[in-house]
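Everything in the sequence shown is counted per our numbering, starting at 9 for the first residue and increasing by one. Backbone N, C-alpha and C define an ideal beta-carbon position, used for all residues, glycine too. Below is one structure; the comments refer to it alone.
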Amino acid sequence: MTTRISAPLPEGFSWDIGDRRRTLICHGRPILQIAPERQGWMAKILISGKGVRQDQIAVRSLDAGAGWATRWMLERQSALIRAVSEQPPLS
Numbered sequence: 009m010t011t012r013i014s015a016p017l018p019e020g021f022s023w024d025i026g027d028r029r030r031t032l033i034c035h036g037r038p039i040l041q042i043a044p045e046r047q048g049w050m051a052k053i054l055i056s057g058k059g060v061r062q063d064q065i066a067v068r069s070l071d072a073g074a075g076w077a078t079r080w081m082l083e084r085q086s087a088l089i090r091a092v093s094e095q096p097p098l099s
């Protein structure tokens, strides 16, 4: 299964791709995860900060969720980088 993302992600962003889960990473920190939930798919925002809040959004499929997450990230790229930089180090 491949993710249909037409353009490369900006520097510092990447996807961790599993069989039934995708996690959007920003500078080594998970910021959004798409995974099965009950009989559908849920995109969960894992980080919060100025301009970004934790939330969850139902998506049609894993690929549709990845497309939505990519657009979401591109619209908030600066806020996400700032929010990640303000988080305590991962242990």
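Residues near residue i in its chain [Cβ-Cβ closer than 6 Å; skip 5 each side]
i          : result
residue 21 : 34
residue 16 : none
Whole-angstrom C-beta distance between residue j and residue i, which should lie under 8 Å
i          : j          : result
residue 65 : residue 51 : 5 Å
residue 37 : residue 98 : 7 Å
Beta-carbon gap between residue i and residue j smaller than 8 Å
i          : j          : result
residue 59 : residue 84 : yes
residue 42 : residue 49 : yes
residue 62 : residue 53 : yes
Cβ shell of residue i (< 8 Å), same chain only, five flanking positions each side left out
i          : result
residue 87 : 57, 58, 59 and 60
7 Å CB neighbourhood of residue i in its chain, flanking five on each side removed
i          : result
residue 44 : 28
Original post:
In chain order, which alpha helix (DSSP H) runs of at least 4 residues are fully inside the segment 30 to 90?
Top reply: 70 to 83
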